[in-house]
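Structure, as structure tokens:
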Ligand SMILES: Cc1cc2nc3c(=O)[nH]c(=O)nc-3n(C[C@H](O)[C@H](O)[C@H](O)COP(=O)(O)O)c2cc1C
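Residue numbers (my numbering): 706 to 906.
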């Protein structure tokens, strides 16, 4: 199916992408951060367990300086330019006994709350890029994360920067221009039994 024949989706979803070109001068206002977190807060979760937690680091503050030391080689070239990074965590265990599972759906719920935040950001003209490439153990220890919580992803938030305007790394610009691809719906949606691709008129 050519892209122009694809089913129409909301522009908030269609226009989102994970940029690596963040404006290094943009600052995220408290009110903006508050709205993003409010969107995450209103996400559904199993039994309303709300197992998510977030650490906040904003470019220029001590938490940010600490966090960027944990970035993988692939992410250190672009994450520090974002206005803020949230580290997402989910409650995996009980406070008294971290080995006791808190909820079988805690990771699912965390992912969904971040999806809410991402759509809210898009509606505000902000860019979000989630990433896993950082040292999770170092973050847990540097930020005193209790054993019941698992460090999961980083969420870079900021404003997209036009590479013609900022001094952008050539490699980052090239990656930005690569086509975005997805599986076809029939590869992951089945009708009748697993493996039988759905057919839509
Ligand atoms: C859990 C998770 C981990 C990711 N880790 C990284 C990462 O370490 N570095 C990176 O550049 N992008 C990372 N990404 C971004 C994905 O590569 C990106 O979402 C995917 O290629 C689809 O591109 P799009 O978001 O522009 O549609 C991650 C995304 C998710 C959800």
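All C-beta atoms in this analysis are idealised placements derived from N, C-alpha and C, irrespective of residue type, glycine included.
With 16 or more other CB atoms across the displayed protein chains lying within 10 angstroms of its CB, residue 818 is buried.
Unbroken beta strand (DSSP E) runs of no fewer than 3 residues, entirely contained in the segment 795-838, are found at 832-836, following chain order. For residue 784, the CB contacts under 6 Å within the same chain, skipping 5 residues up- and downstream, are 776, 861 in chain order. With 16 or more neighbouring CB atoms inside 10 Å of its own CB, residue 823 falls in the buried class. Here residue 897 carries a coil assignment [DSSP, helix/strand/coil]. In terms of Cβ geometry, residue 796 and residue 853 form a close pair [threshold 8 Å].
A direct Cα-to-Cα measurement between residue 830 and residue 864 gives close to 7 Å. Counting along the chain, the unbroken alpha helix (DSSP H) around residue 744 starts and ends at 735-746. For residue 769, the CB contacts under 7 Å within the same chain, skipping 5 residues up- and downstream, are 762, 763, 790 in chain order.
If you draw a straight line from the Cα of residue 739 to the Cα of residue 733, it comes to about 10 Å.
Of the candidates 840, 888, 780, 756, the residue whose Cα lies closest to the Cα of residue 726 is 780. Relative to ligand 1, the nearest heavy atom lies less than 7 Å away from the CB of residue 835.
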